[in-house]
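**Q** Each protein sequence line maps, in turn, to chains A and B.
Sequence positions in the first sequence follow this note's numbering and run 1 to 359.
Sequence positions in the second sequence follow this note's numbering and run 1001 to 1225.
C-beta: ideal position from N, C-alpha, C; glycine also.
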Amino acid sequence: MEPIEIRFNIDWPGFSLAVDELLPGRGVTALFGHSGSGKTTLLRCIAGLVRAPKGRLVFQGKVWQDASTWVPTHRRSLGYVFQEASLFPHLTVIGNLRYGQKRAPADIPAEQRVSLDQAIDLLGIRPLLDRKPDRLSGGERQRVAIARALAVSPRILLMDEPLAALDLARKQEILPYLERLHDELAIPVLYVSHAPDEVARLADHLVIMDGGRVLASGPLAATLARLDLPIRLGEDAGVVLEGRITERDTRWHLLKVDCGGVDLWVRDTGVPTDHPVRVRILARDVSIVLAPVAGTSILNTLPARVLSLGEDAHPALALVQLQAGQSTLLARLTHRSADHLHLAPGLPVWIQIKAVALL
Amino acid sequence: MFLTDTDLQSIWLTLRLASVVTLILFLVGTPVAWWLARTRSRWKGPIGAVVALPLVLPPSVLGFYLLVTMGPNGPVGQLTQALGIGLLPFTFWGLVVASVFYSFPFMVQPVQNAFEAVGERPLEVAATLRASPLDAFFTVALPLALPGFLTAGILTFAHTVGEFGVVLMIGGNIPGVTRVASVQIYDHVEAMEYSDAHRLAAVMLIFSFLVLLALYLWRPNPKNT
């Protein structure tokens, strides 16, 4: 898939956006940043809801915007999910779904076409079809909004913090559906978020934004493991590893996951054995010892090598980048401990991982 | 007979005038209301003020200017004469034109408020669902603003029924052509026919009350339409 070429410059009073990037044409790309970082405005520029002067946008070989071209939003082959569900209140759920579906251009190739039934089943909203939006819960509304965006058979799905307006329980209700989208749809997804846990679960590629600029852009695992990230994730600093299940221990309800040459034991959540999995290891859950310790409750102890040391948000804390197998991990410890252990690049150590979250 | 033939004639004329004016204002007022609701132009203020003028101007002032403009030496009068329509004052269509101006804010303001309440977001959603701006106007903005349209229609109709000063200036008092109910009551009073005036006035009073009652009781909810 061709990358998406974007170049936008906006200079409004109190806000500016200057972006010149190639975004991957497949998988889920998270646009991550604090509020006011310009990520939503960037998404709106891509959708054509905001017209950045002198911008340039090329999607799958089609120029959507340049000096002489402007394709209006309704002629761009995209689906858009807003932060609040924004369902049409005068239409039922099925009316909302049909609104976009019947306006989808007739020349969409069959293999790209998303049928109404597919969209309904993918989001599990069949029991809701005859209801009016005001008779739905917040989570149901957002699921309908996502199904509605899919039913136009878009070539790209743009999602603007679709979970931000929901409480934790509703979030947990929707995340599995978003993961299904990730697994089952071939179209690229641009996902705006300020929540590290959503990014860890869903993204393949990470674009970090601040002050209207792109600070970092790269594959998720590599980008998260960078020590020089200009925004501090604090408690959320950590890495995401892709792996496959190699053993299922039914006695202790544990799974052995091979993540790039590193074997990790995680709680068995019931995922099928042949399913690729993702684990998240937070830097605060990783500690360093110079030799393997006997008599510990910690399940995952691995040999590793120090790659480099960096600063964390608090002056007392250091972030240590470590190599274990082919994977890069982060550990957070105090500068005092790092000094005490004489940590330096190249030093062989053992790491103890207190918690591994299967995503 | 409760009402005289001329009374009935004046009521029929009044209803015909109010219907025609309401219909025209739906067509003319909606684009103006749409523009006022969505524009960021610096002309929004001045145009909005002009639209609201009939609310504060004495009807006689408005009627006077319209009479001059549509009269034989006025620009509109010369145009209508050149087009072979003749002069508009003291005709039914002259009344229609005057009433359209007079009732303009009663149509534009509720519709403008309704469009403003709909906001930008539903139209953006419609655009991402591949609806062209015109399509989105008819399938999203209009249905969502429907309560505003009903209010505007009722107010415009009722206000046109109730006008007097402008009618007198532009239409005069020609039976079956420009003698509407309010003028007919005035005639009755002038002629000391107080019982006739009473009957027609009572009809007007009940009609006006019922219209307003309908307006206040029946607040359509766009979610259930």
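(1) Mapping DSSP to helix, strand and coil, what is residue 1089 of chain B?
(2) Between which two residues does the alpha helix (DSSP H) carrying residue 335 of chain A extend?
(3) Which residue marks the beginning of the alpha helix (DSSP H) containing residue 206 of chain A, and which one marks its end?
(4) Please report the residue range of the alpha helix (DSSP H) in which residue 349 of chain A lies.
(5) Let me check one thing: in DSSP terms, what residues is residue 126 of chain A bridge-paired to?
(6) So what's residue 1103 of chain B in DSSP terms, helix, strand or just coil?
(7) For residue 247 of chain A, name the three-state secondary structure that DSSP assigns.
(8) Rounded to the nearest angstrom, what separates residue 170 of chain A and residue 139 of chain A at their Cα positions?
(9) If I measure Cβ to Cβ from residue 1156 of chain B and keep anything under 6 Å in the same chain, skipping five residues before and after, which residues do I get?
(10) Since I believe residue 324 of chain A is in contact with residue 307 of chain A (beta carbons under 8 Å), could you give me their beta-carbon distance rounded to a whole number of angstroms?
(11) Once you ignore the five residues that flank residue 1074 of chain B on each side, which residues in its own chain have a CB closer than 7 Å to its CB?
(12) When the Cα of residue 260 of chain A is compared with those of A/151, A/326 and A/196, which residue comes out closest?
(13) Between the alpha carbons of residue 163 of chain A and residue 294 of chain A, how many angstroms are there, rounded?
(14) In three-state DSSP terms, what is residue 287 of chain A?
(15) In chain A, which residues lie less than 9 Å from residue 1193 of chain B when you measure between Cβ atoms?
(16) With a threshold of 8 Å, are at least 3 pairs of Cβ atoms found where one atom belongs to the region 267-280 of chain A and the other to the region 337-344 of chain A?
(17) Please list, in chain order, the chain A residues whose beta carbon lies closer than 7 Å to that of residue 1140 of chain B.
(18) Measure from the C-beta of residue 1111 of chain B to each C-beta in chain A and report whether the shortest distance is under 8 Å.
(19) For a contact meaning CB atoms closer than 7 Å, what does residue 73 of chain A contact in chain B?
(20) Determine which residues of the region 137-154 of chain A have a Cβ less than 8 Å from any Cβ of chain B, and write them out in chain order.
(21) Residues of chain B with CB closer than 8 Å to the CB of residue 99 of chain A, please, in chain order.
(22) Compute the Euclidean distance between the alpha carbons of residue 312 of chain A and residue 329 of chain A, then round it to the nearest angstrom.
(23) Are the Cβ atoms of residue 48 of chain A and residue 73 of chain A separated by less than 8 Å?
(24) Pull up the DSSP beta-bridge partners for residue 219 of chain A, would you.
(25) Per DSSP, what kind of secondary structure is residue 303 of chain A in: helix, strand or coil?
(26) Given a cut-off of 8 Å, decide if residue 1140 of chain B and residue 1122 of chain B are closer than it, judged by their beta-carbon atoms.
**A** Reading off the structure:
(1) coil
(2) 335-340
(3) No alpha helix (DSSP H) contains residue 206 of chain A, which is instead part of the beta strand (DSSP E) from 205-210.
(4) Annotation for residue 349 of chain A: no alpha helix (DSSP H) segment contains it, though the beta strand (DSSP E) segment containing it runs 348-353.
(5) Per DSSP, none; premise fails for residue 126 of chain A.
(6) helix
(7) strand
(8) 5 Å
(9) 1022, 1025, 1103, 1106 and 1107
(10) Between residue 307 of chain A and residue 324 of chain A, the beta carbon gap of about 10 Å keeps them out of contact (Cβ cut-off 8 Å).
(11) 1068
(12) Nearest of A/151, A/326 and A/196 to residue 260 of chain A, Cα basis: A/326.
(13) 44 Å
(14) strand
(15) By Cβ distance, chain A contributes nothing, its closest Cβ being about 52 Å from residue 1193 of chain B, past 9 Å.
(16) In short, these stretches do not touch, since the Cβ pair count stays below three.
(17) 88
(18) Contact of residue 1111 of chain B with chain A is not assigned, every C-beta pair being separated by 8 Å or more.
(19) 1127 and 1128
(20) Contacts with chain B (Cβ-Cβ distance below 8 Å) from the region 137-154 of chain A involve 148, 149 and 152, listed in chain order.
(21) 1126, 1129, 1131 and 1139
(22) 15 Å
(23) At a Cβ-Cβ threshold of 8 Å, residue 48 of chain A and residue 73 of chain A count as neighbours.
(24) Answer is A/205, bridged to residue 219 of chain A.
(25) In the three-state scheme derived from DSSP, where H, G and I count as helix and E and B as strand, residue 303 of chain A is classed as strand.
(26) yes
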